[in-house]
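*Asks:* So the mapping is simple: my numbering equals the position in the sequence shown, first residue as 1, plus 583.
No residue lacks a Cβ here, since even glycine has one placed at the ideal position from N, Cα and C.
Quick one: structure below, then a few questions.
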Amino acid sequence: MRMSRIGIIGGGQLAAMLVEACNAANASENSDHQVLVLDSDPNCPATQVGGIHVMGKPATGEGYSSLAAVSDVLTIDLENVSVDDLSSLQTAGHTVVPAPALLRRITDKLEQKRWYTELGLPTAEFISHPADQEIAGEPFGFPVVQKAARGGYDGRGVCVLRSLEDNAERLLVSGFLERYIERRMGISVMVAADG
Numbered sequence: 584m585r586m587s588r589i590g591i592i593g594g595g596q597l598a599a600m601l602v603e604a605c606n607a608a609n610a611s612e613n614s615d616h617q618v619l620v621l622d623s624d625p626n627c628p629a630t631q632v633g634g635i636h637v638m639g640k641p642a643t644g645e646g647y648s649s650l651a652a653v654s655d656v657l658t659i660d661l662e663n664v665s666v667d668d669l670s671s672l673q674t675a676g677h678t679v680v681p682a683p684a685l686l687r688r689i690t691d692k693l694e695q696k697r698w699y700t701e702l703g704l705p706t707a708e709f710i711s712h713p714a715d716q717e718i719a720g721e722p723f724g725f726p727v728v729q730k731a732a733r734g735g736y737d738g739r740g741v742c743v744l745r746s747l748e749d750n751a752e753r754l755l756v757s758g759f760l761e762r763y764i765e766r767r768m769g770i771s772v773m774v775a776a777d778g
């Protein structure tokens, strides 16, 4: 039986679910998966279910080399990671999943929206918007959705402006404006492939 060492950058809920899945596989199959979790909090959700803590800061790249040194494969728990550091590790021969080139695209929401448009995928109309410019409502009118290009996830980095007066609450980061669409439901999809 070969032991596999999975290194996860970030110790949140997704990392905890992967730790639990590996624990279940270890108990029911002839496998030995060890999960190491890089996080600034030794008591993060993933360590509470058996992940082995490695001190570091997921957003800055601090500790990535230490995690890579003891892992067969590296993956992520959240999007707010240092893609440059992951790319360097991949160049040095470490296995990083998903690939840093893809991570670079999906961690920049404006780049992601442009990619959707290039592929012909349905997405709300949008225009880029600089950090230092007030929102006048053009070309979509109000309400309008402002989204940060980077660092936003799980509702962070999103601001709905319903009038000019809401500029006091706008995000002071570069990103984009998106046509407001009444939402009936939200759906998240995760796709995985083997090989």
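Let me confirm a value: V653 is counted as buried when at least 16 other C-beta atoms fall within 10 Å, else exposed. Which label applies?
*Replies:* As a position in the sequence shown, residue 653 is number 70, starting the count at 1. Exposed.
*Asks:* When we look at the beta-carbon of I718 and count the other beta-carbons within 10 Å, is it buried (16 or more) or exposed?
*Replies:* For this step, residue 718 is matched to residue 135 along the sequence shown. By the neighbour-count rule (16 or more Cβ atoms within 10 Å), I718 is buried.
*Asks:* Just reading off the alpha helix (DSSP H) that C605 is part of, what are its end residues?
*Replies:* Locating residue 605 in the sequence shown gives position 22, counting from the first residue. Where C605 is concerned, the enclosing alpha helix (DSSP H) stretches over Q596 to S611.
*Asks:* Could you tell me if G724 is buried or exposed, where buried requires 16 or more neighbouring beta carbons within 10 angstroms of its beta carbon?
*Replies:* The count along the sequence shown starts at 1 and reaches residue 724 at position 141. Per the 10 Å Cβ criterion, exposed.
*Asks:* Could you give the distance in angstroms between the alpha-carbon of G639 and the alpha-carbon of T658?
*Replies:* Mapped onto the sequence shown, residue 639 falls at position 56. Mapped onto the sequence shown, residue 658 falls at position 75. So the two alpha carbons sit approximately 15 Å from each other.
*Asks:* For S665, name the three-state secondary structure that DSSP assigns.
*Replies:* What you label residue 665 is simply residue 82 of the sequence shown in a count that begins at 1. Here S665 sits in coil by DSSP.
*Asks:* Please report the Cβ distance between L693 and G758, rounded to the nearest whole angstrom; I am assuming they are in contact, meaning their Cβ atoms lie under 8 Å.
*Replies:* Position 110 of the sequence shown, counted from the first residue, corresponds to residue 693. Position 175 of the sequence shown, counted from the first residue, corresponds to residue 758. Confirmed, Cβ separation roughly 6 Å.
*Asks:* To test your reading of the DSSP string, which unbroken alpha helix (DSSP H) runs of 4 or more residues are found completely within the region 649–737?
*Replies:* Qualifying alpha helix (DSSP H) stretches, in chain order: 666–674, 683–689 and 692–702.
*Asks:* Rounding to the nearest angstrom, what Cα-Cα distance links E721 and Y763 in this structure?
*Replies:* Counted from its first residue, the sequence shown places residue 721 at position 138. Counted from its first residue, the sequence shown places residue 763 at position 180. For E721 and Y763, the distance between alpha carbons rounds to 12 Å.
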